[in-house]
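Residue numbers (my numbering), protein chains in the order written: chain A, 16 to 182; chain B, 16 to 182.
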DNA sequence: GCATTATAGTTAGCCGCCTAACTAATTGTC
DNA sequence: GACAATTAGTTAGGCGGCTAACTATAATGC
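Here it is in structure tokens:
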């Protein structure tokens, strides 16, 4: 995604302000900062996962499987929970199967379905990645107090609930 | 990007907490919420721009050009300011040229360079999009008070400055 | 002043995501 | 019980990013 590296200076802002007088510059900066930081942190996470041979999509599938009692789920359900299309999930699972981190088990009850199951290797991979992931998330977020962190989440949730104004 | 639709419930969390006792769940939820809201708002912005026949990348190029005194810049400079590769910028400019929103002007001083210039159509397109964009950003952010908005930005900036811990 | 190095831009090919169209299996309806 | 509608998963093709390799021009250094 676009990195939005370059927020405008005051001279540029006044040019825009003249042409578009209704703009509330403070709000725009807040909005762009949110997009930029979200995007930057996402790519930082990608880099981290890449050093374990994973990417966000595949990693998230492993986590979703670990959440299940029997370590199994179906492609459709995984797609919905991960927020990607079924077609994309097919690709993610293909990759994970190739690396033997999950297996496809043909369904007995409904032969349209597969069950995707986390393998021992898949669990090992998570056991390798997750402690380090949690440690780093902890480090990252430690610049905010617990109270600030809670406030951040509540503000973000408010914004998300209000995102309909853009549609 | 991954939508992370599904944050875990307490039963699942306790399973993860047992296996990965060092995890600070609150912080993880804050982190994931930030990624998710950033990603959601970005796709909401994409949808908005799409209704004007634009996408984030191309729209951002137009804005960067409008910032310039003479409405001109070079592909390299645009790429750097937009935070994309030069190769990507070539594609963005190709698209904008095709729609006559910008033109390529061959450089006289340095014949390796092009100058990319915003056309009258390009300016019109911005004049069409930007007021509505500003209005909606204002609406979106209005759920936060001015004070909260400032706090949000300062927290996000802190996190961004601390993102090195993940590398 | 010629060879080396650096810079600007494009092209080629990869990746992850998407939608639309397709196959196979199940469910529902008369 | 046959046929229509629905559902699960895959495949095909498109799009916007990326890196690496390439061409053309400019700058540097002996």
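Just so you know, even glycine gets a beta-carbon here, dropped at the ideal spot from N, CA and C.
Computed from a prediction, not measured in an experiment: that's the story for all the values here.
Residues of the stretch 37-59 of chain A with Cβ closer than 8 Å to any Cβ of chain B, in chain order: 37, 38, 39, 41, 42, 43, 44, 45, 46, 48, 49, 50, 51, 52, 53, 54, 55, 56, 57 and 59
Any idea which residues DSSP pairs residue 121 of chain B with across the strands? Here residue 121 of chain B corresponds to residue number 106 of the second chain, with the count starting at 1. Answer is B:129.
If you draw a straight line from the C-alpha of residue 144 of chain A to the C-alpha of residue 78 of chain A, how long is it? Position 129 of the first chain holds residue 144 of chain A. Position 63 of the first chain holds residue 78 of chain A. Taking the straight line joining both Cα atoms gives about 11 Å.
Let's test the definition: count the other Cβ atoms within 10 Å of the Cβ of residue 123 of chain B and tell me whether it reaches 16, buried, or not, exposed. Here residue 123 of chain B corresponds to residue number 108 of the second chain, with the count starting at 1. Exposed, by the Cβ-count rule.
Closer than 8 Å, Cβ to any Cβ of chain A: which residues of the stretch 123-157 of chain B, in chain order? Answer in chain order: 142, 145, 146, 149, 150, 151, 152, 153, 154, 155, 156 and 157.
What are the start and end residues of the alpha helix (DSSP H) that includes residue 30 of chain B? As a working note, residue 30 of chain B is residue 15 in the second chain. Per DSSP, residue 30 of chain B belongs to the alpha helix (DSSP H) from 25-34.
Does residue 170 of chain B have its Cβ less than 8 Å from a Cβ in chain A? Residue mapping note: residue 170 of chain B aligns to position 155 of the second chain, counting from 1. Judged by the 8 Å Cβ criterion, residue 170 of chain B is in contact with chain A.
Three CB pairs or more closer than 8 Å across the stretch 42-51 of chain B and the stretch 33-40 of chain A: Contact fails: fewer than three Cβ-Cβ distances are below 8 Å.
Is residue 101 of chain A close to chain B? Criterion is C-beta to C-beta, closer than 8 Å. Translated into the one-based positions of the first chain, residue 101 of chain A becomes position 86. No - not a single Cβ of chain B is within 8 Å of the one on residue 101 of chain A.
With a threshold of 16 other CB atoms inside 10 Å of the CB of residue 106 of chain B, please say whether the residue is buried or exposed. For the purposes of this step, residue 106 of chain B is taken as residue 91 along the second chain, with counting starting at 1. Exposed: under 16 other Cβ atoms inside 10 Å.
What residues of chain A sit near residue 164 of chain B, judged by a beta carbon separation below 7 Å? Here residue 164 of chain B refers to the residue found at position 149 of the second chain. Under the 7 Å cutoff, chain A gives 41, 42 and 45.
contact_flag[the stretch 145-154 of chain A, the stretch 153-162 of chain B] where n(CB pairs < 8 Å) is 3 or more: no
Write down the C-beta distance between residue 167 of chain A and residue 131 of chain A rounded to the nearest angstrom, noting that I regard them as a contact closer than 8 Å. Here residue 167 of chain A corresponds to residue number 152 of the first chain, with the count starting at 1. Here residue 131 of chain A corresponds to residue number 116 of the first chain, with the count starting at 1. Contact doesn't hold; Cβ gap of about 34 Å is too wide.
What is the DSSP secondary structure of residue 184 of chain B, counted as helix, strand or coil? Nothing can be reported for residue 184 of chain B: it is not among the residues displayed for chain B, which extend from 16 to 182.
Just to confirm, are residue 174 of chain B and residue 52 of chain A a CB contact at a threshold of 8 Å? Here residue 174 of chain B corresponds to residue number 159 of the second chain, with the count starting at 1. Here residue 52 of chain A corresponds to residue number 37 of the first chain, with the count starting at 1. Going by C-beta atoms, residue 174 of chain B is nearer than 8 Å to residue 52 of chain A.
Residue 36 of chain A classed as buried or exposed, judged by whether at least 16 other C-beta atoms fall within 10 angstroms: Locating residue 36 of chain A in the first chain gives position 21, counting from the first residue. Residue 36 of chain A should be labelled exposed.
Measuring straight from C-alpha to C-alpha, what distance separates residue 57 of chain A and residue 49 of chain B? Start at 1 with the first residue of the first chain, and residue 57 of chain A comes out as number 42. Start at 1 with the first residue of the second chain, and residue 49 of chain B comes out as number 34. Distance between the alpha carbons of residue 57 of chain A and residue 49 of chain B: 9 Å.
Please list, in chain order, the chain A residues whose beta carbon lies closer than 8 Å to that of residue 108 of chain B. Residue numbering aside, residue 108 of chain B sits at position 93 when the second chain is read from its first letter. Listed along chain A, no residue sits closer than 8 Å to residue 108 of chain B by beta-carbon distance, the nearest being about 15 Å off.
Thinking C-beta only, is residue 89 of chain B closer than 8 Å to residue 129 of chain B? For this step, residue 129 of chain B is matched to residue 114 along the second chain. For this step, residue 89 of chain B is matched to residue 74 along the second chain. Cβ atoms of residue 129 of chain B and residue 89 of chain B: closer than 8 Å.
Quickly, what does DSSP pair residue 88 of chain A with across the bridge? List them, please. Residue 88 of chain A sits at position 73 when you count from the first residue of the first chain. Note: residue 88 of chain A sits in a beta bridge opposite A:131.
Give the DSSP-derived three-state secondary structure of residue 65 of chain A in the structure shown. Residue numbering aside, residue 65 of chain A sits at position 50 when the first chain is read from its first letter. The answer is helix: DSSP assigns residue 65 of chain A an H, G or I state.
Closest by CA to residue 114 of chain A, which one among A:60, A:154, A:59 and A:135? For the purposes of this step, residue 114 of chain A is taken as residue 99 along the first chain, with counting starting at 1. Of the residues A:60, A:154, A:59 and A:135, the one whose Cα lies closest to the Cα of residue 114 of chain A is A:135.
Pick from B:126, B:141 and B:30: whose alpha carbon is nearest that of residue 133 of chain B? As a first step, residue 133 of chain B must be located in the second chain, where it is residue number 118. If we check each option's Cα against that of residue 133 of chain B, B:141 comes out closest.
With distance defined between alpha-carbon atoms, name the residue in A:153, A:137, A:102 and A:93 nearest to residue 111 of chain A. For the purposes of this step, residue 111 of chain A is identified with residue 96 of the first chain, where counting begins at 1. When A:153, A:137, A:102 and A:93 are compared, the shortest CA-CA separation from residue 111 of chain A is found for A:137.
Can you check whether the C-beta of residue 180 of chain A is within less than 8 Å of a C-beta belonging to chain B? The residue given as residue 180 of chain A occupies position 165 in the first chain. Interface residue, yes.
Could you confirm whether any beta carbon from chain A is found closer than 8 Å to the beta carbon of residue 67 of chain B? Counting from 1 along the second chain, the entry for residue 67 of chain B is found at position 52. Not an interface residue.
Less than 8 Å between the CB atoms is what I'm expecting for residue 169 of chain A and residue 59 of chain B, so what's the real figure, rounded? For this step, residue 169 of chain A is matched to residue 154 along the first chain. For this step, residue 59 of chain B is matched to residue 44 along the second chain. With 8 Å as the limit, residue 169 of chain A and residue 59 of chain B do not qualify as a contact, their Cβ atoms being about 20 Å apart.
Closest Cβ-Cβ distance between residue 113 of chain B and chain A: below 8 Å? The residue labelled residue 113 of chain B in the question sits at position 98 within the second chain. Taking Cβ atoms only, chain A never reaches closer than 8 Å to residue 113 of chain B, which makes this a no.
Consult DSSP for residue 113 of chain A and reduce its assignment to one of helix, strand or coil. Counting from one through the first chain, the residue named residue 113 of chain A turns up at place 98. Three-state result, residue 113 of chain A: helix.
Taking only beta-carbon atoms, is residue 33 of chain A less than 8 Å away from chain B? In the first chain, the residue the question calls residue 33 of chain A occupies position 18. Closer than 8 Å: no.
Proximal residues to residue 103 of chain A (C-beta, below 8 Å), its chain only, five neighbours per side dropped: The residue given as residue 103 of chain A occupies position 88 in the first chain. Same-chain partners within the cutoff: 72 and 94.
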